[in-house]
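Asks:
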Amino acid sequence: MQSPSRFSLLKQLYVQVLIAIVIGGLFGYFFPAMGTQLQPIAEAFIKLIKMMLAPIIFCTVVVGIAKMGDIKKVGKTGAKALIYFEVVSTLALLIGLVVVNVLKPGAGMNIDASHIDASAISSYVHKAESGGGIIDFIMGIIPATLGDAFVKGNMLQVILISVLFGIAMLQTGERGKPVIDFIDRGLQGLFRMINLIMRLAPLGAGAGIAFTIGKYGVATLLSFGYLMLAVYITSFIFVVVVLGAIASWVGFPLLPLLRYIKDEIFVTLGTCSTEAVLPRIMMKLEEAGVEKATVGMVLPTGYTFNADGTSIYLTMAALFVAQATNTDLSWMQQLVLLGVLLLTSKGSAGVAGAGFVALAATLSSIGTVPVAGLVLLLGVDRFMNEARAVVNLIGNTVATLAIAKWDNTFDVAKAREIVQQQKSPKSALTDVPASKSSHQSFISEVWRRPCALLT
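Following this line, the structure appears as structure tokens:
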């Protein structure tokens with residue numbers, strides 16, 4: 002009886018990914034040179050997912066808007082999403098600001114900024130200096146050609162095209178129905194493809210961790226352990242307090258929600274990429290009762306405008322540099338820093354080194370914190386990326402649920418039924434047939450006890 006149960010447990014994606022992360026970490030630690038050679042495997046997995054993003058977003062948004070039946074509702078949903086993103090991102094920045102002032106992870110380092118070799122961050126500083134303003138950002142949402150957005154994989158451009166095409170199909174009425182039906186069937190095929198690719202998630206996650214440990218080593222963790230601890234504590238507080246409160250208001254309590262998306266959380270931990278799980282999260286949110294149009298508009302847009310984990314990190318990293326270089330900042334200067342970060346942190350999704358570019362742009366603009374101090378973060382940044390990515394993932398999942406609740410496009414009863422029954426949605430989402438074996442009862446009981454506080 003035990004053997005089949007254990008075998009069934011190993012068939013679960015989150016268990017496979019967790020085992021791969023442990024093996025990858027050990028491999029990177031004991032064989033660092035070989036561990037760094039595994040990076041292409043992790044990158045290949047992420048590229049396989051990314052190639053699916055544009056068509057999935059397009060099909061989801063077009064079908065959702067066409068079935069929505071009201072053009073005005075599309076605009077209202079977008080406006081509500083942007084308001085939510087700004088409010089919650091500001092809360093993330095404020096929490097990071099408070100915690101870094103309380104814990105002071107950079108205090109006592111006494112580093113002279115004039116003696117720091119800033120050549121290692123010259124590329125990030127150059128990107129920050131050459132970056133455009135708000136007008137350039139807005140113009141960047143408009144693609145040069147219709148196919149350019151799909152070729153480059155720019156999510157905001159794809160969303161713009163999708164919304165316009167969806168509205169056009171909505172206006173055509175019955176004549177556009179065959180086109181919508183065709184796109185809807187194509188979407189189901191794309192979801193099937195994602196499920197096939199996700200079977201490679203353990204390889205991608207394990208290789209990603211092996212590369213990180215092999216390249217940066219455990220010594221980096223020990224040197225900047227206090228900063229890492231501060232970032233992880235802040236992330237935990239934000240998820241439990243802020244996102245937990247929002248999830249409870251929505252009617253989908255936090256811990257059951259985390260249990261529902263546990264596969265995606267573990268994949269994000271291993272790959273440090275939220276894009277790697279975007280299609281799966283879109284599927285799960287739809288199956289949990291959120292309308293297709295809301296999922297298609299809110300979730301991908303949140304990847305650019307609602308990076309809660311990144312917001313926490315940016316505030317703490319900037320003030321860590323200030324503390325480490327003995328740069329005193331008044332509360333007013335810190336609030337100015339927060340305001341600048343609200344602007345510089347937007348629109349950098351999918352850009353290599355986006356966090357450093359945003360930090361460099363912020364520190365350059367305020368002029369009070371030495372930009373050269375970013376060198377201190379180069380080694381440890383990769384180890385804090387896991388916290389950023391996971392919080393970004395959870396934050397955007399909760400955001401989509403919240404906007405759906407606000408917009409009356411969320412079936413709360415359906416969502417809670419799915420969570421309580423511990424069933425995967427009966428669609429292309431299912432990877433492996435669920436088994437009502439003893440291990441599932443055990444896992445359910447382990448989760449149910451702590452969940453009692455938030456359910």
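All residue numbers for the sequence shown refer to the working numbering, where the first residue is 2 and numbers rise by one.
Ideal Cβ placement from N, Cα and C applies to all residues, glycine included.
Because the structure is a prediction, the values reported are computed rather than measured.
(1) Can you tell me the Cα-Cα spacing of Leu-457 and Ala-361, whole angstroms?
(2) In or out: Lys-285 buried (at least 16 other Cβ within 10 Å) or exposed?
(3) Take Ile-198 and list the residues in its own chain whose beta-carbon comes closer than 8 Å to its own, dropping the five residues that flank it on each side.
(4) In whole angstroms, give me the CA-to-CA distance for Thr-363 and Thr-345.
(5) Output needed for Val-268: all residues of its chain with C-beta closer than 7 Å, excluding positions within five of it in sequence on either side, in chain order.
(6) In terms of residue numbering, what span does the alpha helix (DSSP H) encompassing Asp-329 cover?
(7) Quick check on the DSSP output: the alpha helix (DSSP H) that includes Ile-162 runs from which residue to which?
(8) Does the Cβ of Leu-157 have 16 or more other Cβ atoms within 10 Å, making it buried, or fewer, making it exposed?
(9) Between Val-101 and the rest of its own chain, which residues show a CB-CB distance below 7 Å, the 5 nearest in sequence each way excluded?
(10) Please list the segments of the alpha helix (DSSP H) lying wholly inside the segment 277-302, counting only runs of 4 or more residues, in order along the chain.
(11) Contact defined as beta carbons within less than 8 Å: I believe Asp-408 pairs with Thr-295. What is the distance between those atoms, to the nearest angstrom?
(12) Going straight from the alpha carbon of Asn-393 to that of Leu-171, what length do you get?
(13) Are the Cβ atoms of Val-241 and Thr-401 separated by less than 9 Å?
(14) Could you tell me which residues DSSP pairs with Phe-411 in its beta bridges?
(15) Measuring straight from C-alpha to C-alpha, what distance separates Gly-310 and Glu-265?
(16) Looking at the unbroken alpha helix (DSSP H) that takes in Lys-73, where does it start and where does it end?
(17) Specify whether the segment 334-341 and the segment 83-103 touch according to this definition: at least 3 beta carbon pairs, one from each stretch, less than 8 Å apart.
(18) What is the rounded straight-line gap between the Cα of Phe-306 and the Cα of Glu-87?
(19) Are Ser-163 and Arg-389 closer than 9 Å when you measure CB to CB?
(20) In angstroms, rounded to a whole number, what distance separates the CA positions of Thr-379 and Asp-329?
(21) Measure from the alpha carbon of Leu-374 to the alpha carbon of each residue in Ala-93, Gly-107 and Leu-10, then state which is nearest.
(22) Buried or exposed for Glu-175, please, with buried defined as at least 16 other CB atoms from any protein chain shown within 10 angstroms of its CB.
(23) By the 10 Å Cβ neighbour count, where 16 or more other Cβ atoms means buried, how is Arg-281 classified, buried or exposed?
(24) Going straight from the alpha carbon of Gln-324 to that of Tyr-314, what length do you get?
(25) Per DSSP, what kind of secondary structure is Gln-335 in: helix, strand or coil?
(26) How about Ile-57 and Met-385: are their beta carbons less than 9 Å apart?
(27) How is the alpha helix (DSSP H) around Met-199 delimited, first residue to last?
(28) Quick one: what's got a C-beta closer than 8 Å to Ile-168's C-beta in the same chain, skipping five residues either side?
(29) Give the range of the alpha helix (DSSP H) segment to which Cys-60 is assigned.
(30) If we count Cβ pairs, one from each stretch, closer than 8 Å, do we get three or more for the segment 20-29 versus the segment 178-196?
(31) Which value, in whole angstroms, describes the spacing of the CA atoms of Tyr-30 and Ser-312?
(32) Considering Cα atoms alone, identify which of Ile-404, Thr-410 and Phe-411 is closest to Ile-84.
Replies: Quick look at the numbers:
(1) Past the edges of the chain, shown from 2 to 456, lies residue 457, and the structure says nothing about it.
(2) Reading the sequence shown from its first residue, position 284 is the one you call residue 285. Looking at its Cβ environment, which holds 16 or more other Cβ atoms inside 10 Å, Lys-285 is buried.
(3) Locating residue 198 in the sequence shown gives position 197, where the first residue counts as 1. Closer than 8 Å at Cβ, skipping near neighbours: Phe-46, Leu-49, Ile-50 and Met-53.
(4) Start at 1 with the first residue of the sequence shown, and residue 363 comes out as number 362. Start at 1 with the first residue of the sequence shown, and residue 345 comes out as number 344. Roughly 7 Å separates the two Cα atoms.
(5) Here residue 268 corresponds to residue number 267 of the sequence shown, with the count starting at 1. Closer than 7 Å at Cβ, skipping near neighbours: Val-18, Ala-202, Ala-206, Ala-277 and Val-278.
(6) Here residue 329 corresponds to residue number 328 of the sequence shown, with the count starting at 1. Unbroken run through Asp-329: none, as it is neither H nor E.
(7) For the purposes of this step, residue 162 is taken as residue 161 along the sequence shown, with counting starting at 1. Counting along the chain, the alpha helix (DSSP H) containing Ile-162 begins and ends at 156-173.
(8) Numbered from its first residue, the sequence shown carries residue 157 at position 156. Under this definition Leu-157 is a buried residue.
(9) Counting from 1 along the sequence shown, the entry for residue 101 is found at position 100. These residues qualify, in order along the chain: Ala-231, Thr-316, Met-317, Leu-320 and Phe-321.
(10) 279-288
(11) Against the sequence shown, residue 408 aligns to sequence position 407. Against the sequence shown, residue 295 aligns to sequence position 294. The Cβ separation is near 6 Å, so the contact holds.
(12) Translated into positions along the sequence shown, residue 393 becomes position 392. Translated into positions along the sequence shown, residue 171 becomes position 170. C-alpha separation (whole angstroms): 32 Å.
(13) One-based indexing of the sequence shown puts residue 241 at position 240. One-based indexing of the sequence shown puts residue 401 at position 400. Cβ atoms of Val-241 and Thr-401: not closer than 9 Å.
(14) Residue mapping note: residue 411 aligns to position 410 of the sequence shown, counting from 1. In the DSSP output, where bridge partners are listed per residue, Phe-411 has Val-291.
(15) Looking up residue 310 in the sequence shown gives position 309. Looking up residue 265 in the sequence shown gives position 264. Each residue's alpha carbon lies about 16 Å from the other.
(16) Mapped onto the sequence shown, residue 73 falls at position 72. Residues 72-104.
(17) yes
(18) Residue numbering aside, residue 306 sits at position 305 when the sequence shown is read from its first letter. Residue numbering aside, residue 87 sits at position 86 when the sequence shown is read from its first letter. Taking the straight line from one Cα to the other gives about 8 Å.
(19) As a first step, residue 163 must be located in the sequence shown, where it is residue number 162. As a first step, residue 389 must be located in the sequence shown, where it is residue number 388. Their beta carbons are not under 9 Å apart, which means Ser-163 does not touch Arg-389 by this criterion.
(20) Start at 1 with the first residue of the sequence shown, and residue 379 comes out as number 378. Start at 1 with the first residue of the sequence shown, and residue 329 comes out as number 328. Inspection of the sequence shows that residue 379 is occupied by Leu rather than by Thr. Rounded to whole angstroms, Leu-379 to Asp-329 spans 22 Å at the Cα level.
(21) Against the sequence shown, residue 374 aligns to sequence position 373. The question names Leu, yet the displayed sequence has Gly at residue 374. The candidate whose alpha carbon is nearest that of Gly-374 is Gly-107.
(22) Counting from 1 along the sequence shown, the entry for residue 175 is found at position 174. Burial call: exposed.
(23) Stepping through the sequence shown from its first residue, residue 281 is reached at position 280. It is buried - the Cβ of Arg-281 has at least 16 other Cβ atoms within 10 Å.
(24) For the purposes of this step, residue 324 is identified with residue 323 of the sequence shown, where counting begins at 1. For the purposes of this step, residue 314 is identified with residue 313 of the sequence shown, where counting begins at 1. Rounded to the nearest angstrom, the two C-alpha atoms are 15 Å apart.
(25) Locating residue 335 in the sequence shown gives position 334, counting from the first residue. Collapsing the DSSP output to three states places Gln-335 in a helix.
(26) On the sequence shown, position 56 is the one that residue 57 refers to. On the sequence shown, position 384 is the one that residue 385 refers to. No. Outside cutoff.
(27) As a first step, residue 199 is located in the sequence shown; it is residue number 198 there, counting from the start. Here the alpha helix (DSSP H) through Met-199 covers 178-199.
(28) Taking the sequence shown and counting its residues from 1, one reaches residue 168 at position 167. Apart from the 5 residues on each side of it in sequence, Ile-168 sits with its Cβ closer than 8 Å to the Cβ of Ile-66, Ile-72 and Val-75 in its chain, given in chain order.
(29) As a position in the sequence shown, residue 60 is number 59, starting the count at 1. Here the alpha helix (DSSP H) through Cys-60 covers 40-69.
(30) no
(31) Against the sequence shown, residue 30 aligns to sequence position 29. Against the sequence shown, residue 312 aligns to sequence position 311. Distance from the CA of Tyr-30 to the CA of Ser-312, rounded to the nearest whole angstrom, comes to 30 Å.
(32) As a working note, residue 84 is residue 83 in the sequence shown. Residue Ile-404 holds the alpha-carbon nearest to the alpha-carbon of Ile-84 among Ile-404, Thr-410 and Phe-411.
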